[in-house]
Amino acid sequence: MIDKSKKYWHGDSADDIDEYLRLYSGVKSIDVKPVLCHTCGSDRFKIWVDEDEAAIQVECTECGFKKIILDCEDIWEDADPHAGICPECKSKDYNVRVGFVRRDNGSVKHVYIGNRCSKCGLLGSYLDWSIKFEPTNTMENNI
Ligand SMILES: [Zn+2]
Ligand SMILES: [Zn+2]
788 MIDKSKKYWH GDSADDIDEY LRLYSGVKSI DVKPVLCHTC GSDRFKIWVD EDEAAIQVEC
848 TECGFKKIIL DCEDIWEDAD PHAGICPECK SKDYNVRVGF VRRDNGSVKH VYIGNRCSKC
908 GLLGSYLDWS IKFEPTNTME NNI
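Last residue of the sequence shown: number 930 in this note's numbering, and the count goes up by one each step with no gaps.
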């Protein structure tokens, strides 16, 4: 359930990111996928983001595994990433999901990052960006 009573919205589980991204993007058909650690399966990450370059790397808070996701590898060298910090409780521990907005042919035209503070539940979207290439299968699967 999303709690909308405060300035920032909060969710009591990572599943609330799906609904949050639907409302945030205004796209009912947005296709939301969880980001899970490839090594230990955890769904909690420290996130490194550059809002200007639209680049994100996730770092598992259980085992330390790091991954530059989606198509961000291409621009990572030029990025100046900083650690995401919850504006409310100052935690750096997030659940992360990605939302794909698709073209009629199924390829992705826009990506949204959805994040939920695992400590206080604060919901947000650090980044979203347009995808200007096709096909997008490789990019989509790189989470
Ligand atoms: Zn891990
Ligand atoms: Zn928080």
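In this text, a Cβ means the ideal position worked out from N, Cα and C, and glycines have one as well.
- prompt: Closer than 7 Å: is that where the CB of serine 912 sits relative to any heavy atom of ligand 4?
  reply: Summarising the ligand content, the structure contains ligand 1 and ligand 2 and does not contain ligand 4.
field: At least three beta-carbon pairs within less than 8 Å, the region 895 to 902 to the region 796 to 812
entry: The answer is yes - the region 796 to 812 touches the region 895 to 902, with three or more Cβ pairs under 8 Å.
message: Strictly by DSSP, which residues pair up with valine 845?
response: Its beta-bridge partners are Ile834, Lys854.
Lysine 906 to aspartate 880 span [Cα, whole Å]: Separation of lysine 906 and aspartate 880 (C-alpha to C-alpha, rounded to the nearest whole angstrom) is 7 Å.
message: Closer than 7 Å to a non-hydrogen atom of ligand 1 - does that hold for the CB of serine 978?
response: Limits of the chain in this structure are 788 at one end and 930 at the other, which puts residue 978 out of reach.
task: Would you check whether ligand 2 has a heavy atom nearer than 7 Å to the C-beta of serine 878?
output: Proximity of the beta carbon of serine 878 to ligand 2 is indicated: a heavy atom of the ligand is located closer than 7 Å.
Integer-rounded CB distance, given that phenylalanine 832 should sit under 8 Å from valine 822: Contact flag correct, Cβ pair sits at about 7 Å.
- request: Out of Lys896, Asp839, Asn929, point me to the one whose CA is closest to lysine 919's CA.
  value: Looking only at Lys896, Asp839, Asn929, the smallest Cα-Cα distance to lysine 919 is reached by Lys896.
field: heavy atom of ligand 2 below 7 Å from cysteine 824 C-beta
entry: Not under cutoff, so the answer is no.
message: In the DSSP output, which residue or residues are listed as bridge partners for arginine 889?
response: Val895, per the DSSP bridge assignment.
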